[in-house]
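Residue numbers (this note's numbering): 282 to 467.
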């Protein structure tokens, strides 16, 4: 899926008095309406707000009410924990009797946040029958590149049986598909 972004110049409130020449034979009321017509489109590229008076432009800064979140989308009580490269390698190489599901995500990725909610529910459902972990691709860029993570979220399903190959999915997938992979393929 390709994303096409168009960039437009900033828009401002403009007085459209130049429309009066379009209707020279129009009624005076129509000319008055056209001359006093204003168009407004939001200025999407500016972080400042203009005051109501036209002669004075002020910049207002936002006041923070609380400390912003750490942008990790992980809390201490979540079952799906964030792991480093070394911890993931130890889990993959070590002895396991349950499948390992690795979620490659980014904090800025909307589908990753939705997938995190689904994985959290699945972690409760498969409490001792599967191990769900997360790897932040911004923090572990080289590892994500080595694992050929091209789109987010990417899930790797690694069976406890070393003879079975890992299954890789990319993008937001339904919860039932994750269940089917864990139940039937692992």
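Quick reminder that beta carbons are idealized off the backbone N, C-alpha and C, glycines included.
Please read these numbers as outputs of a predicted model, since none were measured by experiment.
Neighbourhood of residue i by C-beta distance below 8 Å, restricted to the same chain and skipping five residues each side
i	result
residue 372	364, 381, 412 and 414
residue 421	365 and 366
residue 392	433, 434, 452 and 453
Cα-Cα separation between residue i and residue j, rounded to whole angstroms
i	j	result
residue 443	residue 370	14 Å
residue 400	residue 428	20 Å
residue 419	residue 387	6 Å
residue 463	residue 457	10 Å
residue 437	residue 398	17 Å
residue 368	residue 385	14 Å
residue 409	residue 426	30 Å
residue 405	residue 423	30 Å
residue 439	residue 460	14 Å
residue 396	residue 390	10 Å
residue 361	residue 403	10 Å
residue 445	residue 467	8 Å
residue 416	residue 375	18 Å
For residue i, three-class secondary structure by DSSP
i	result
residue 430	coil
residue 442	coil
residue 384	strand
residue 359	coil
residue 437	strand
residue 412	strand
residue 420	coil
Cβ neighbours of residue i in the same chain (closer than 7 Å, five flanking residues each side left out)
i	result
residue 441	377, 378, 379 and 380
residue 359	401
residue 267	What is shown of the chain runs 282 to 467, which leaves residue 267 out entirely.
Below-8 Å beta-carbon distance, residue i vs any chain D residue
i	result
residue 364	Although the question refers to chain D, the structure presented lacks it and comprises just one protein chain.
Are the region 448-459 and the region 423-440 touching, with three or more C-beta to C-beta distances below 8 Å?
-> Cβ pair count under 8 Å is three or more, so yes.
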